[in-house]
Amino acid sequence: MARVAVDSPLPHLDRPFDYLVPAELDQIVVPGSRVRVRFAGRLVDAWVLDRTEASAHDGRLSYLERGVGEEPVLTRETAALFRSVADRWAGTFADVVRLGVPPRHARAESAVRAESGGLVNPPNPEGWSRYRAGPAFLAAVAGGRAARAVWNVLPGEDWPARIAEAVQACLAAGRGAVVAVPDARDTARLDAALSAVLPANSHVVLSADLGPEARYKSWLAIRRGAVRAVIGNRSAVFAPVSDLGLVVIYDDGDDLHAEPRAPYPHARDVAVLRSSATGAALLVAGFAQTAESALLLQSGWAQHIVADRGIIRQASPRISALGDDFELERDPAARSARLPALAFRAARESLAGNRPVLVQVPRRGYLPALACVNDRTPARCEHCHGPLATSSGTGAPVCRWCGRSVHQWRCPVCQGTRMRAVVIGASRTAEEIGRAFPGVVTRTSAGDQILAEIPEGPSVVIATPGAEPVVPGGYGAALLLDGWSLLSRADLRAAEETVRRWCNAAALVACDGQVMIGADAGLAAVQALVRWDPAGHAERELADRTELGFPPVARLASLTGAPADIAELLALAHLPPTAEELGAVPVTPSKAARAQAGGDGQGEQIRTLLRVPRPAGVALAEALHAAAAIRSARKSGGPVRIDLDPLELF
DNA sequence: TCAATCCGTATC
DNA sequence: ATACGGATTGAC
858 MARVAVDSPL
868 PHLDRPFDYL
878 VPAELDQIVV
888 PGSRVRVRFA
898 GRLVDAWVLD
908 RTEASAHDGR
918 LSYLERGVGE
928 EPVLTRETAA
938 LFRSVADRWA
948 GTFADVVRLG
958 VPPRHARAES
968 AVRAESGGLV
978 NPPNPEGWSR
988 YRAGPAFLAA
998 VAGGRAARAV
1008 WNVLPGEDWP
1018 ARIAEAVQAC
1028 LAAGRGAVVA
1038 VPDARDTARL
1048 DAALSAVLPA
1058 NSHVVLSADL
1068 GPEARYKSWL
1078 AIRRGAVRAV
1088 IGNRSAVFAP
1098 VSDLGLVVIY
1108 DDGDDLHAEP
1118 RAPYPHARDV
1128 AVLRSSATGA
1138 ALLVAGFAQT
1148 AESALLLQSG
1158 WAQHIVADRG
1168 IIRQASPRIS
1178 ALGDDFELER
1188 DPAARSARLP
1198 ALAFRAARES
1208 LAGNRPVLVQ
1218 VPRRGYLPAL
1228 ACVNDRTPAR
1238 CEHCHGPLAT
1248 SSGTGAPVCR
1258 WCGRSVHQWR
1268 CPVCQGTRMR
1278 AVVIGASRTA
1288 EEIGRAFPGV
1298 VTRTSAGDQI
1308 LAEIPEGPSV
1318 VIATPGAEPV
1328 VPGGYGAALL
1338 LDGWSLLSRA
1348 DLRAAEETVR
1358 RWCNAAALVA
1368 CDGQVMIGAD
1378 AGLAAVQALV
1388 RWDPAGHAER
1398 ELADRTELGF
1408 PPVARLASLT
1418 GAPADIAELL
1428 ALAHLPPTAE
1438 ELGAVPVTPS
1448 KAARAQAGGD
1458 GQGEQIRTLL
1468 RVPRPAGVAL
1478 AEALHAAAAI
1488 RSARKSGGPV
1498 RIDLDPLELF
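Read in order, the letters of the first sequence correspond to residues 858 to 1507 in this note's numbering.
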């Protein structure tokens, strides 16, 4: 007999089913293989979870219809991982398999791949010696121990080289490694760094833009154990590396690590699950640090890899805040670009020293929000700490989460009672800034026109966050403009995200260069950057969120759908006794969602938030999944989207 | 009393 | 989706 999981999106079918195995399929039906089965009269795809002697099912068993290819696509380890990811995010096994196993490509299966490269030498630990606990981490990976660490990368660090060394240590110990980075540019840099230290064919790149055949080929090389190291974007955390010894997540605050397909798992959290389950070492790395990483440290689960203060001071450029009152430069060209005098001078110095200048300009399109008129503290709801915004109808401030309107608001910092809408959106354009530096080459890197690298020499680069090109030797100066509009976004992660973007840009500046931030020096986010203390900022962020009842210490579930459907789901769900319902607010469907719905209005959509203490998170997910299973079995009502610890809360 | 039909539920 | 079982209905 074979126990299988069927490929169905219906939650009530998310459990094993037993089938008899015809004698001629006995050899190829093994745990992890793909099969076709007759299920409720239809032929469907399924995955073999196990071969068994007996079945608990008392009805008649059917025979498996046929095998699909001869490649087992699930390993014992990934099958267990997919199950626990489904459980953690209230999703189905089949949905998670779709995230972790690329579509089959038969031609790629028959192609024979060259055997992997030769013996891997242990790395030179020199590069890690600037960090306390750095060499120890490398030694632990080399020794096959379950070291888990949060690494604060020094500004100017060649992080791809350091990660390549960690992978090298893991391979030298005879085990496999997985590295997930946010985007294709990071993948390319890491690919080059790995190629520099590993024998040929020792690693593969997993990425959707390889095309289906090459992607499946790379994935198969990993699955077959021909290659033991894999790098790629968020889906690489699911790669079926055998005898996993190391998982690395780079820049875990980048929202590209959040999977947009159901059940919406986050690559960092998947990596944590996987490291827990397998005993593989874990490295969460970045110039900045998230509150989630701070919790890994605070709970003692992970160790901190960080450089001593003196080394940080040496490695950091000079970072200063421009303050709130921008003194404009007298130079008329600079005036027209509205560049503050200090920023303009820093740029001129850099260009005079034949070094490029980086100008970071935020993208437009942030949500308007309310803040204190005096000190711009974001206005929050007294009841649930959600953000306040002006409702379009009445003009009265309303909580974006629980929908309560606010009559008397008082700023928790200055006790002021007046709020104002924060003007949002970048107004400075590349041309305006370029005009301030006549005769200097101006480049833009943004959107779909991203520059990976620029040559040394004087030039001005205008880039949106995340699109900053690297330059050999570093920038001479970086101007981080529009700090206010980043910081006052109506988003739980606004401060953390701002610090992350600033850190990632500032880290590209040479250690004798300077960084100018267009925000007030008194702000915690600015202080974190000036002192280069991303860990301190993450700790504060974690403390704030703990006090407000936000993730990661609390666990939230967001339910989005028609009011009647959500009500039905909640009525069916046996929520943990500690669950707290934060009320419902109408949601304006995004353009993408409207396009998906096909134009015809599905009626009003609302969003309800549920909150539990972190230990009850799995019980909350289980209750919601069970309730969704009852609804799907009944075929009642419309869809309800379930999100656990959603990245965006409004 | 039995067959035709409807409805709800499970799907090995 | 489809298949099955139990309940319901209507005709002999």
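We treat Cβ as the ideally placed atom computed from N, Cα and C, and that holds for glycine.
Would residue i pass as a contact of residue j if the rule is Cβ separation under 7 Å?
i              : j              : result
valine 905     : serine 890     : yes
valine 1356    : alanine 1376   : no
alanine 1021   : alanine 1041   : no
alanine 1164   : valine 1010    : no
histidine 1114 : arginine 1125  : yes
alanine 1148   : leucine 1399   : yes
alanine 1419   : glycine 1495   : yes
glutamate 1070 : histidine 1161 : no
leucine 1152   : proline 1472   : no
valine 886     : alanine 913    : no
valine 954     : valine 942     : no
glycine 926    : glutamate 881  : no
valine 1497    : leucine 1365   : no
valine 1035    : alanine 1138   : no
proline 1213   : valine 1318    : yes
alanine 1430   : leucine 1481   : yes
leucine 1028   : arginine 1085  : yes
valine 1298    : serine 1316    : yes
cysteine 1229  : cysteine 1268  : yes
For residue i, which option in the options has the closest C-alpha, if you only look at C-alpha atoms?
i                 : options                               : result
leucine 1413      : Thr1147, Val1270, Trp946 and Gly1330  : Trp946
aspartate 915     : Leu938, Phe874 and Pro1433            : Phe874
leucine 1154      : Ala1006, Ala1200, Ala1134 and Pro1069 : Ala1006
valine 1061       : Ala1083, Leu1504 and Leu921           : Ala1083
proline 1019      : Leu1245, Ala1351, Leu1140 and Cys1368 : Proline is not the amino acid found at residue 1019; the sequence shown has arginine there. When only C-alpha atoms are compared, the closest one is Leu1140.
phenylalanine 950 : Arg1397, Gly1393 and Tyr1121          : Tyr1121
arginine 1468     : Arg1032, Gln1462, Leu1477 and Ala990  : Leu1477
valine 894        : Thr909, Asp1401, Val861 and Arg1358   : Val861
tyrosine 876      : Val863, Lys1492, Phe1144 and Leu921   : Leu921
leucine 1208      : Leu976, Ala1335 and Arg1170           : Ala1335
arginine 899      : Arg917, Arg933, Val863 and Asp907     : Val863
proline 980       : Pro1056, Ala1411 and Thr1234          : Pro1056
glycine 1273      : Pro1312, Glu1313 and Asn1231          : Asn1231
glycine 1304      : Glu1325, Glu1313 and Gly1314          : Glu1325
valine 930        : Trp1076, Leu1466, Arg917 and Ile1168  : Trp1076
For residue i, which residues of its own chain have a beta-carbon under 8 Å away from its beta-carbon, when the five flanking residues on both sides are left out?
i              : result
serine 986     : Pro992
proline 825    : In the structure displayed, the chain extends from 858 to 1507; residue 825 sits before or after that span and is not available.
glutamine 1146 : Val1007, Asn1009, Gly1110, Pro1391, Ala1392, His1394 and Ala1395
glutamine 1453 : Low local confidence applies: a pLDDT of 46 at glutamine 1453 is under 50, so the model's placement there is unreliable, with the coordinate-based value given in what follows. Cβ neighbours of glutamine 1453 beyond the five flanking positions: none.
arginine 933   : Pro888 and Gly889
serine 1493    : Glu1425
alanine 990    : Ala1006, Gln1160, His1161, Ile1162 and Val1163
Looking only at its own chain, which residues have a Cβ that is under 7 Å from the Cβ of residue i, when we skip the five neighbours before and after it?
i               : result
isoleucine 1079 : Val1061, Val1087, Ala1096, Pro1097 and Val1098
arginine 1091   : Ala1037, Leu1113, His1114, Glu1116 and Ala1124
glycine 1331    : Gly1013, Leu1365, Val1366, Ala1367 and Gly1370
glycine 1001    : Ala1030, Arg1032 and Gly1102
aspartate 1460  : Rather than aspartate, the amino acid found at residue 1460 in this sequence is glycine. These residues qualify, in order along the chain: Ala1419.
leucine 1179    : Pro1197, Leu1199, Ala1200, Met1373, Ile1374 and Gly1375
In chain order, what residues of the same chain lie with their CB nearer than 6 Å to the CB of residue i, ignoring the 5 residues before and after it?
i               : result
serine 1489     : Leu867, Pro868 and His869
glutamate 1437  : Arg1468
asparagine 1361 : Phe1144
valine 1054     : Ala1021 and Gln1025
valine 1475     : none
lysine 1074     : Ala965
valine 1216     : Ile1290, Ile1319 and Leu1336
glycine 1210    : Gly1333
arginine 923    : Arg893
Taking 6 Å as the cut-off, is the CB of residue i close to at least one heavy atom of the ligand ADP?
i              : result
aspartate 1305 : This structure lacks the ligand ADP; in fact it carries no ligand of any kind.
Taking three-plus beta-carbon pairs below 8 Å as touching, is the region 1198–1208 in contact with the region 1288–1304? Yes: at least three Cβ pairs fall under 8 Å.
4 or more residues per run - each alpha helix (DSSP H) lying fully within the region 1406–1480: Those alpha helix (DSSP H) runs which fall completely within the region 1406–1480 and span 4+ residues are 1420–1429 and 1448–1454.
Could you check whether the region 1034–1048 touches the region 1417–1436, counting it as contact only if at least three pairs of C-beta atoms, one from each stretch, sit closer than 8 Å? No, the region 1034–1048 does not touch the region 1417–1436.
Could you pull out every unbroken beta strand (DSSP E) segment of at least 3 residues lying fully inside the region 966–1029, listed in chain order? Taken in chain order, the complete beta strand (DSSP E) segments of 3 or more residues contained in the region 966–1029 are 1005–1009.
Taking only runs that begin and end inside the region 894–973, name each unbroken alpha helix (DSSP H) of 4 or more residues, in chain order. For the alpha helix (DSSP H) assignment, the uninterrupted runs of no fewer than 4 residues enclosed by the region 894–973 are, from N- to C-terminal side, 933–945, 950–957 and 963–967.
Within the region 1066–1105, note down every full beta strand (DSSP E) run reaching 3 residues or more, in order along the chain. Listed in chain order, the complete beta strand (DSSP E) runs (minimum 3 residues) inside the region 1066–1105 are 1086–1089.
Write down every uninterrupted run of the beta strand (DSSP E) in the region 1113–1199 whose length is 3 residues or greater and which is fully enclosed by it, in chain order. Taken in chain order, the complete beta strand (DSSP E) segments of 3 or more residues contained in the region 1113–1199 are 1138–1143, 1160–1164 and 1175–1178.
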